[in-house]
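Enquirer: Line order of the protein sequences matches chains A and B. Counting from 1, one number per residue, gives the positions in the first sequence under the numbering used here. Counting from 1001, one number per residue, gives the positions in the second sequence under the numbering used here. The beta carbon of each residue, even a glycine, is placed where N, CA and C say it ideally should be.
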Amino acid sequence: DAGVIQSPRHEVTEMGQEVTLRCKPISGHDYLFWYRQTMMRGLELLIYFNNNVPIDDSGMPEDRFSAKMPNASFSTLKIQPSEPRDSAVYFCASSKPWTLANTGELFFGEGSRLTVL
Amino acid sequence: AQSVAQPEDQVNVAEGNPLTVKCTYSVSGNPYLFWYVQYPNRGLQFLLKYITGDNLVKGSYGFEAEFNKSQTSFHLKKPSALVSDSALYFCAVRARNAGNMLTFGGGTRLMVKP
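#1: Tell me which residues of the region 1034 to 1045 of chain B have at least one Cβ-Cβ distance to chain A shorter than 9 Å, keeping chain order.
#2: For Leu1056 (chain B), count neighbouring Cβ atoms within 10 angstroms of its own Cβ and tell me buried if that reaches 16, exposed if not.
#3: Return the chain-ordered list of same chain residues with a C-beta closer than 6 Å to the C-beta of Phe49 (chain A), the five sequence neighbours on each side being excluded.
#4: When the Cα of Met40 (chain A) is compared with those of B:Phe1046, B:Lys1113, B:Cys1023, B:Gly1106, which residue comes out closest?
#5: Return the CA-CA distance between Leu106 (chain A) and Ala93 (chain A), expressed in angstroms with no decimal places.
#6: With a Cβ-Cβ cutoff of 8 Å, do Arg1109 (chain B) and Tyr1032 (chain B) count as a contact?
#7: Could you tell me whether the Cβ of Gly28 (chain A) comes closer than 8 Å to any Cβ of chain B?
#8: My output table needs one value for Tyr1036 (chain B): the three-state DSSP class, helix, strand or coil.
#9: Between the C-alpha atoms of Ser73 (chain A) and Glu1064 (chain B), what's the straight-line distance to the nearest angstrom?
#10: Between Arg64 (chain A) and the rest of its own chain, which residues show a CB-CB distance below 7 Å, the 5 nearest in sequence each way excluded?
#11: Does Asp1059 (chain B) have its Cβ less than 8 Å from a Cβ in chain A?
#12: Checking 8 Å against the spacing of the C-beta atoms, do Leu21 (chain A) and Thr76 (chain A) come in under that value?
#13: With a threshold of 8 Å on Cβ separation, who are the neighbours of Tyr1025 (chain B) within its own chain once the five nearest residues in sequence on each side are excluded?
#14: Taking the Cβ atom as the reference point for each residue, do Leu1048 (chain B) and Gly1062 (chain B) lie within a distance shorter than 8 Å?
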């Protein structure tokens, strides 16, 4: 199993540019989560999907952020326009549904480190 | 609403000594509790969980955690620390009616010195 795959691993861009982060969840995982990690705010849940449908996007900081999951094997997080305060590590995670046999542990990707100059 | 508190930003321990990383939680009803570890420049990795049953749960790399319902705590422990245990540790809680959504604590950096 390849695990959760994120790209790019590192992105450096200038303020005002569009940024797109990509995630491929583990096959068979119905849940997909986008988190943001910063020194100041720790680990924040931005949005999560169940069966490709956004369930809770209350953590998305503002309208500049959008996320999509067009199919079960791909999701994107887009920032347009980007700002220096968006600099962070963005993690994607996936999990199976919570059942008696499976307690829904999250599997994280390696993260995308975004720097906005 | 569910929440997790990790009161220590950093824990320092000498190699070979026991370690404890503290976690307290707040949730309606009985909780599901988790510990994750993050090594530098890596994603979080699952370490152990408490779902039900024995209050002492054992996980990867010799770690264990004790669920204490009266104190609403789930402290992470290891009898003998290794330098390679140095990492960022996150406690997380899930309420039993919260779907798959975990709430993470702020993280505690563990530094094990030789």
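Expert: Looking at the coordinates:
#1: Phe1034, Tyr1036, Gln1038, Asn1041, Arg1042, Gly1043, Leu1044, Gln1045
#2: exposed
#3: Leu32, Met69
#4: B:Gly1106
#5: 6 Å
#6: no
#7: no
#8: strand
#9: 34 Å
#10: Ile79, Gln80, Pro81
#11: According to the sequence displayed, residue 1059 (chain B) carries Gly and not Asp. Taking Cβ atoms only, chain A never reaches closer than 8 Å to Gly1059 (chain B), which makes this a no.
#12: yes
#13: Gln1002, Ser1003, Val1004, Ala1005, Pro1031, Leu1033, Thr1072, Ser1073, Phe1074, Cys1091, Val1093
#14: no
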